[in-house]
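Colleague: For reference, each letter of the sequence shown is one residue, going 1 to 292 in full-length UniProt numbering. Take this structure, written in structure tokens, and hold onto it; I'll ask about it next.
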Amino acid sequence: MRYIDINLIDACKPANWDVNATQWLTDIQNAQDRSAEFKRLGSKWSPFKDNFINQFGDKCWYSEVKRSNTDFNIDHFRPKGAVKRTKGAYATRFFGGKPQKHSGYWWLAFEPKNYRYSCQYANQPRDNGGKHDYFPLQNETARVWGRCSLTNHNVEAPVLLDPCELADVQLLSFEKSPGMVHSRYDLATDKAKYERVKTSAKCYNLNHKTVKGDRLKVITSVQQDLVLLESIHGLPLASKQVMQVNVNNAENRLVDACNRKSPFSAAAVAFVKPKKAEPWLANILPRLDLTD
1 MRYIDINLID ACKPANWDVN ATQWLTDIQN AQDRSAEFKR LGSKWSPFKD NFINQFGDKC
61 WYSEVKRSNT DFNIDHFRPK GAVKRTKGAY ATRFFGGKPQ KHSGYWWLAF EPKNYRYSCQ
121 YANQPRDNGG KHDYFPLQNE TARVWGRCSL TNHNVEAPVL LDPCELADVQ LLSFEKSPGM
181 VHSRYDLATD KAKYERVKTS AKCYNLNHKT VKGDRLKVIT SVQQDLVLLE SIHGLPLASK
241 QVMQVNVNNA ENRLVDACNR KSPFSAAAVA FVKPKKAEPW LANILPRLDL TD
């Protein structure tokens, strides 16, 4: 998971979005059956896909899987319809002495900053994972139940990691078991953060065998190039000149692997960043994006 600057999302709006979104939201608010009205309107947010690809790369914001032979989704981070607080239970409260099920964050349905570009592994229910309508909070009593601005939702503390929150992205570690996503914290040092990563990894299918396998390929390639550059750096000048093509290729692969638009670049950065002070990386250091 690589950090997505939420302030760049508005620049991805399709033409006339604000005017159209205002009308669509009015239609949803006034509808007797909001679910039916959503179906009637269709996926108005789909045009964001191409703009997200141009701005952030053609990969899932949650897992960093590259899109290949399948369509990706625009996930509503706060679900627009039903909301589950656990995989088996909907968010409910007592209102007027009666239990009331959350109607979904329908008022954010056309709020671009609530959108996340997502692969089907991360968003759709499969293999006991998939986010879908699952949106647990660390404190259920803080859940927002009525229409308000996105800023007012800051009272909520989501359990699931959000790629648009830098602090969330920084909770992930890739070094403990190459190919796997883990928490930087364990149960003893910070139980809450550990559990957030554990829950998110399962929900987003971050360690699904296919995802894990592709991530490991990137990590393995990065490790091999790091070893190559270090080995050649210690050779005599004449030998270095002979190996220059290999050096150039390895350097370019590392720069590409760390590019934030590249698949699994967060994992690549995790292995390159600790070596950034090495003299054999000095040549490409200005070209390496090692930020979270």
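Ideal Cβ placement from N, Cα and C applies to all residues, glycine included.
Select from His-208, Leu-281 and Val-197 the residue whose C-alpha is nearest the C-alpha of Ser-231.
Modeller: For this step, residue 231 is matched to residue 231 along the sequence shown. Taking only the C-alpha atoms, the option nearest Ser-231 is Leu-281.
Colleague: If we ignore side chains and look at the alpha-carbon of each, how far apart do Tyr-204 and Thr-70 end up?
Modeller: What you label residue 204 is simply residue 204 of the sequence shown in a count that begins at 1. What you label residue 70 is simply residue 70 of the sequence shown in a count that begins at 1. Answer to the nearest angstrom: the Cα atoms are 17 Å apart.
Colleague: Per DSSP, which one or two residues make a beta bridge with Gly-146?
Modeller: Mapped onto the sequence shown, residue 146 falls at position 146. Its beta-bridge partners do not exist; DSSP assigns none.
Colleague: Can you find the residues in the same chain that come closer than 6 Å, C-beta to C-beta, to Pro-14, ignoring five residues on each side of it along the sequence?
Modeller: On the sequence shown, position 14 is the one that residue 14 refers to. Hits under 6 Å: Pro-47.
Colleague: Going by alpha carbons, who is nearest to Asn-123 out of Trp-24, Lys-87, Ala-167 and Ile-74?
Modeller: The sequence position of residue 123 within the sequence shown is 123, counting from 1. Closest option to Asn-123, Cα to Cα, is Ile-74.
Colleague: Rounding to the nearest angstrom, what Cα-Cα distance links Leu-206 and Pro-163 in this structure?
Modeller: Residue mapping note: residue 206 aligns to position 206 of the sequence shown, counting from 1. Residue mapping note: residue 163 aligns to position 163 of the sequence shown, counting from 1. Roughly 13 Å between the two C-alpha positions.
Colleague: Under three-state DSSP, which class holds Pro-47?
Modeller: For this step, residue 47 is matched to residue 47 along the sequence shown. Of the three classes helix, strand and coil, the one that applies to Pro-47 here is coil, per DSSP.
Colleague: Would a C-beta distance cut-off of 8 Å place Ala-82 and Gly-104 closer than the cut-off?
Modeller: As a working note, residue 82 is residue 82 in the sequence shown. As a working note, residue 104 is residue 104 in the sequence shown. In contact: Ala-82 and Gly-104 (Cβ atoms closer than 8 Å).
Colleague: Count the other CB atoms within 10 Å of the CB of Glu-251; is the residue buried (16 or more) or exposed (fewer)?
Modeller: In the sequence shown, the residue the question calls residue 251 occupies position 251. The residue in question, Glu-251, is buried, as its Cβ has 16 or more Cβ neighbours within 10 Å.
Colleague: For Arg-93, which residues of its own chain have a beta-carbon under 6 Å away from its beta-carbon, when the five flanking residues on both sides are left out?
Modeller: Numbered from 1 along the sequence shown, position 93 holds the residue referred to as residue 93. So the qualifying residues of the chain are Gln-100.
Colleague: Taking Ala-192 as the reference, give the member of Asp-292, Trp-145, Ile-6 and Leu-137 with the closest Cα.
Modeller: By one-based count along the sequence shown, residue 192 stands at place 192. The residue with the shortest Cα to Cα distance from Ala-192 is Leu-137.
Colleague: On the DSSP letters alone, give me the boundaries of the alpha helix (DSSP H) that Arg-34 sits inside.
Modeller: As a first step, residue 34 is located in the sequence shown; it is residue number 34 there, counting from the start. Taken as a continuous stretch (DSSP letters only), the alpha helix (DSSP H) holding Arg-34 covers 34-41.
Colleague: Roughly how many angstroms lie between the CA atoms of Gln-244 and Leu-229, to the nearest whole one?
Modeller: On the sequence shown, residue 244 is found 244 positions in, with the first residue counted as 1. On the sequence shown, residue 229 is found 229 positions in, with the first residue counted as 1. In a straight line, the C-alpha of Gln-244 is about 10 Å away from that of Leu-229.
Colleague: Whole angstroms is fine: what's the gap from Phe-264's alpha carbon to Gly-213's?
Modeller: Along the sequence shown, read from residue 1 onward, the residue named residue 264 stands at position 264. Along the sequence shown, read from residue 1 onward, the residue named residue 213 stands at position 213. Those two C-alpha atoms are separated by around 11 Å.
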